[in-house]
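Trainee: Questions regarding the structure given below will be posed in turn.
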Amino acid sequence: MPFKDSEEIKSFEFKDFNKDGYEDIFLEWSNLFVNDLRSLYLFIPSSGKFRKIKDFFIPAPTPIQGTKYFYSYYQAGCANYDWKSGLFTIENYRTVEIGIIEGNGCETQNGSIDIYKIKANQKVLIESLPLDTIENYQDNKFGFIKEYWAKNYRKFK
């Protein structure tokens, strides 16, 4: 895992990221240009080695319990009134994003939550909810995101 002089490891953790019973390597690092970068190396039992996951640019990756899916959360601007959450899986050692939730609270008068399925690298709107939907959840948008992905990830396969 070569790093350049301009890069710094912020955290290094062994954890079973893909829930296969083997400890994987999860790194958070930064460089001169980007503060929160992540790298994931999955353990391959047949070779006894680790393999890097390509395109693993996932902020705050969180597993959906009992599935092969993960979701992310990240600020998208306007003092965090705009935010996004991606649904992804790992296939052939590459990150594949299959869904996106976009919270739009800054530029629009009433705000919205737009939910997209990713098909052939294109976003397809499948649902739009009022932004105040998140007020019905413990932990506000974080509770909404967690519950939405847990209940609906199958729609995005």
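Position in the sequence shown counted from 1, then plus 48, gives you our numbering. Glycine included, C-beta positions come from ideal geometry on N, C-alpha and C.
1) Compare the Cα-Cα distances from Lys116 to each of Thr143, Ile92, Ile148 and report the closest residue.
2) Return helix, strand or coil for Asp180, following the three-state DSSP convention.
3) Roughly how far, in whole angstroms, is the beta-carbon of Gly151 from the beta-carbon of Trp131, given that I think they are within contact range, below 8 Å?
4) Buried or exposed for Asp72, going by 16 or more other Cβ atoms inside 10 Å?
5) If we ignore side chains and look at the alpha-carbon of each, how far apart do Asn184 and Ile193 end up?
6) Using 8 Å for Cβ pairs, my map puts Phe104 next to Ser120. What's the rounded Cβ distance?
7) Indicate the three-state DSSP secondary structure (helix, strand or coil) for Glu106 in the structure shown.
8) Looking at the secondary structure, which residues open and close the alpha helix (DSSP H) in which Lys203 lies?
9) Does DSSP put Asn188 in a helix, in a strand, or in coil?
10) Cα separation between Ser54 and Trp77?
11) For Leu75, which option in Phe60, Phe65, Tyr122 has the closest C-alpha, if you only look at C-alpha atoms?
Mentor: So, from the listed chains and residues:
1) On the sequence shown, position 68 is the one that residue 116 refers to. Selected option, being the one with the closest Cα: Thr143.
2) In the sequence shown, counting from the first residue as 1, residue 180 sits at position 132. If DSSP states are grouped into helix, strand and coil, Asp180 belongs with the helices.
3) The residue you call residue 151 lines up with position 103 of the sequence shown. The residue you call residue 131 lines up with position 83 of the sequence shown. Right, the Cβ-Cβ distance comes to about 4 Å (below 8 Å), so this counts as a contact.
4) Along the sequence shown, one-based indexing puts residue 72 at 24. The residue in question, Asp72, is buried, as its Cβ has 16 or more Cβ neighbours within 10 Å.
5) The count along the sequence shown starts at 1 and reaches residue 184 at position 136. The count along the sequence shown starts at 1 and reaches residue 193 at position 145. Those two C-alpha atoms are separated by around 12 Å.
6) The residue labelled residue 104 in the question sits at position 56 within the sequence shown. The residue labelled residue 120 in the question sits at position 72 within the sequence shown. Phe104 to Ser120, Cβ: 11 Å. No contact.
7) Taking the first residue of the sequence shown as 1, we reach residue 106 at position 58. This sequence places Ile at residue 106; Glu is not what is there. If DSSP states are grouped into helix, strand and coil, Ile106 belongs with coil.
8) One-based indexing of the sequence shown puts residue 203 at position 155. That residue, Lys203, is in no alpha helix (DSSP H); it is neither H nor E in DSSP.
9) Taking the sequence shown and counting its residues from 1, the one referred to as residue 188 is at position 140. Asn188: helix per DSSP, three-state reduction.
10) Taking the sequence shown and counting its residues from 1, one reaches residue 54 at position 6. Taking the sequence shown and counting its residues from 1, one reaches residue 77 at position 29. Bear in mind that a pLDDT of 44 at Ser54, under 50, signals an unreliable position, so the model cannot answer this.
11) Within the sequence shown, residue 75 is the residue found at index 27, counting from 1. Ranking the options by Cα distance to Leu75, first place goes to Phe60.
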